[in-house]
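Accompanying notes for the structure given below.
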Amino acid sequence: MIKGMIVIILLGVFGFHLVYADQILTTYRDDGNQTIFDGKWTFLQEWKRTSYNTSYGDTFVVRTGHDHKNLYVLIDFTAQQKFS
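All the letters of the sequence shown, read from the start, carry residue numbers 289 to 372 under our numbering.
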């Protein structure tokens, strides 16, 4: 009886955890070597063909892409216009 209660208590404490996640989608890059992965936009269409865009309001935008060897993630904080 006591062992059963201990098992129920342990399952209640350690056994049930809710996890929430969003899937990160990537698209294939077929524009040759035109994309420059340097952490910023060099020209307007640089990340356009290689990325999946996710916008989080006015706070930031996430762009992802890959070139069969590496996964690239650009987090652009659109609300922050000036860095101190």
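All C-beta atoms, glycine included, are put in the ideal place defined by N, C-alpha and C.
| Asked | Found |
| --- | --- |
| Per the DSSP calculation, Val-361 is bridged to which residue(s)? | Thr-352 |
| Identify every residue that forms a DSSP beta bridge with Thr-347. | Per DSSP, none; premise fails for Thr-347. |
| Nearest-angstrom Cα distance between Asp-364 and Thr-352? | 11 Å |
| What first and last residue would you give for the alpha helix (DSSP H) that runs through Gly-292? | 290-298 |
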